[in-house]
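Below is one structure, written out as structure tokens; comments come after it.
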Amino acid sequence: MVEKRPLVLLVDDEEDLCLLMQMSLSRIGIDTHSAHSLGEAKKCLGEHAYDACLTDLNLPDGNGLQLLDWINEHCSNLPVAVLTAYGNMEIAIAALKAGAFDFVSKPVNPKHLEQLLQKALNKPVEQKQQQAEMLEHKMLIGQSLPIQQLRVTLKKIARSQAPVFITGESGTGKEVVANLVHRLSNRNEGPFIAINCGAIPTELMESELFGHKKGSFTGATQDKQGLIQSAHGGSLFLDEIAELPLSMQVKLLRAVQEKRIRPVGSDSEIDVDFRVISASHQDLEALVQQGRFRQDLFFRIHVMDLILPPLRERGDDILLLAHHFIQKISAEWGIPAKQLTARAKEFLIGQYFPGNVRELRNIIERAITLSDDDAIDLPQLQSAPQRQMAQQITASAEPAAQTSVLDAPSAPRKLPEEGLEAYLEKIEKEILLNALNLTHWNRTIAAKKLGMTFRSLRYRLKKFGLDTDED
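Just so you know, the sequence shown maps onto residues 0 to 470 in numbering that gives the first Met the number 0.
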């Protein structure tokens, strides 16, 4: 039985260009139809089942964005790539945000066109889709609304070739999400190369990213392939991209736009095919305004964006993640998995988690180490300062301490020797510690019980050296 060849619709008012693209694609086993206007393209799409569509943005009776909107409404699963005039990046980015799979700059590079359509035609079969969904739930743990919304966005982004920018607080899992974008995409059989831009010394950065030729500088004893070239056919993840020096931002911009790199000391360029995914916990727009990040690079990498929620906004996901870490760490250490007590669960739910998921994992690992039985309780979860303060309160507890946390202490029978200010600070600290102890160091609840804002409570904790955000 002869295998059915893929069928692609080419939409461009330049008949010569359509003919050239037809010839190029025919050599790699792709059949094509041509349309030279918006109306003709819609007619073709209504009469035939295409596997992909390539359209110019400028058409005699409309534009490619209008065709893209029509396709999204009538045949939303059809991958669409757009042809753009050289350097017209604003329109190309608008097309990507509207749902285009990718774009090709004119004049068309036949090799780039073939690579692009081969990826567009690499549709996952049902089994692969099921595997992708299982992978998604395994890597992205949680059932909270922010995570459900993130999953929906991830599926849309994974279908595209557009650059992705991930932002969120430190420890929210930006590399995990970047890896998931790659593994859900049709690039999943290619490499996923992750680079921490802040961890590479400035003097070695160009060589690490772009590679070098033997003898190009002192110590270059052999040719070296750069990390960007290592991502050929897959995805390149640039973590903490804000740390790139301005001089390197220029070179990266050209590599992302042209998909070509020049190793240090080389006289020729190398074609590279990669999808760029970047991340930062810093505000790139603010850095652009300050002149510390190039505006053109910002717009080039900031096509599709993902904002990762902080752990404190994910509700019961905290317990799901805690259970996951307990199972994973216990398996790695070859010990029986421990259970969280009710007090331990209440404590975890109430934490602020400035370090997010990374901090939670560290807390669980420490708790497993400290636990001598099959349960993890409050003392194993508390940090050293929290445990010390709790012990102090327990040791100095008096019957009066069992009253409401807001009850004022008994009036002294004589004037305090330390003076009024010092005495009041002592009383304030005792009330704060009592509130924290009664709420298992849940600062949000403690602030409510004390009738103050979280910010005000945190200010007072810092004043007395009780803030634990650095743990």
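Every residue, glycine too, gets a C-beta built ideally from N, C-alpha and C.
All values derive from a computational prediction rather than experimental measurement.
- For Ser104, no alpha helix (DSSP H) segment is defined; the enclosing uninterrupted segment is the beta strand (DSSP E) at 101-104.
- Per DSSP, the continuous beta strand (DSSP E) segment holding His32 begins and ends at 30-34.
- Taken atom to atom, the span from the alpha-carbon of His111 to that of Val103 is near 8 Å.
- In this structure, Phe164 sits away from Ile194, with a CB-CB distance that is not shorter than 8 Å.
- Here the alpha carbon of Leu144 sits roughly 8 Å from the alpha carbon of Arg313.
- The region 19-30 and the region 89-102 do not touch, with fewer than 3 CB-CB distances between them shorter than 8 Å.
- Gly314 is not bridged by DSSP to any residue.
- Secondary-structure assignment with DSSP links Phe191 through a beta bridge to Ser234.
- Boundaries for Ala84: no beta strand (DSSP E) harbours it, and the DSSP string shows neither H nor E there.
- Taking the C-beta atoms as reference points, Met133 is found no nearer than 8 Å to Val175.
- Under DSSP, Ser279 shares a beta bridge with Thr166.
- Under DSSP, the beta-bridge partners assigned to Leu9 are Ser33, Leu53.
- Annotation for Leu432: the continuous alpha helix (DSSP H) segment containing it runs 419-437.
- Contact check for Leu56 against Val79 fails: the beta carbons are separated by 8 Å or more.
- Looking at the backbone, the Cα of Ala445 and that of Ala434 are separated by about 6 Å.
- Membership of Asp15 in the alpha helix (DSSP H) is indicated by the continuous run 14-25.
- Shown here, Asp270 sits in a strand according to DSSP, grouped into three states.
- Linking Gln117 to Ile29 through their CA atoms gives a straight-line distance of about 9 Å.
- For Phe298 and His211, the gap between their C-alpha atoms comes out near 28 Å.
- Remark: C-beta atoms of Asp373 and Lys337 approach each other more closely than 8 Å.
- The distance from the Cβ of Arg274 to that of Gln160 is about 6 Å, consistent with a contact at the 8 Å cut-off.
- Pairing Ala84 with His231, the inter-Cα distance amounts to about 25 Å.
- Cβ neighbours of Glu364 within its own chain (closer than 8 Å, five residues either side excluded): Phe324, Ile328.
- Distance from the Cα of Leu359 is smallest, within the candidate group Leu319, Arg253, Gln221, Gln147, for Leu319.
- Its chain contains Gly225, Leu226, Ile227 as the residues whose beta carbon lies nearer than 6 Å to that of Leu208, once the 5 sequence neighbours on both sides are disregarded; these appear in chain order.
- Collapsing the DSSP output to three states places Lys212 in coil.
- In the DSSP annotation of this structure, the continuous segment of the beta strand (DSSP E) that includes Met303 starts and ends at 303-306.
- Of the other Cβ atoms in all chains shown, fewer than 16 fall within 10 Å of the Cβ of Ile426; this residue is therefore exposed.
- Measuring C-alpha to C-alpha distances from Arg357 to each of Ser169, Leu64, His280 identifies Ser169 as the nearest.
- Beta-bridge partners assigned by DSSP to Gly141: none are found.
- Rounded to the nearest angstrom, the gap between the Cα atoms of Leu252 and Ile375 is 50 Å.
- Straight through space, the alpha carbons of Gln281 and Val287 are spaced by roughly 11 Å.
- Under DSSP, Ile375 shares a beta bridge with Leu339.
- A check of alpha carbon separations from Gln221 across Phe100, Val263, Ser33, Lys448 identifies Val263 as the nearest.
- Taking 8 Å as the upper bound for CB-CB distance, Leu183 and Glu135 are in contact here, some 7 Å apart.
- In the three-state reduction of the DSSP assignment, Asn361 falls in the helix class.
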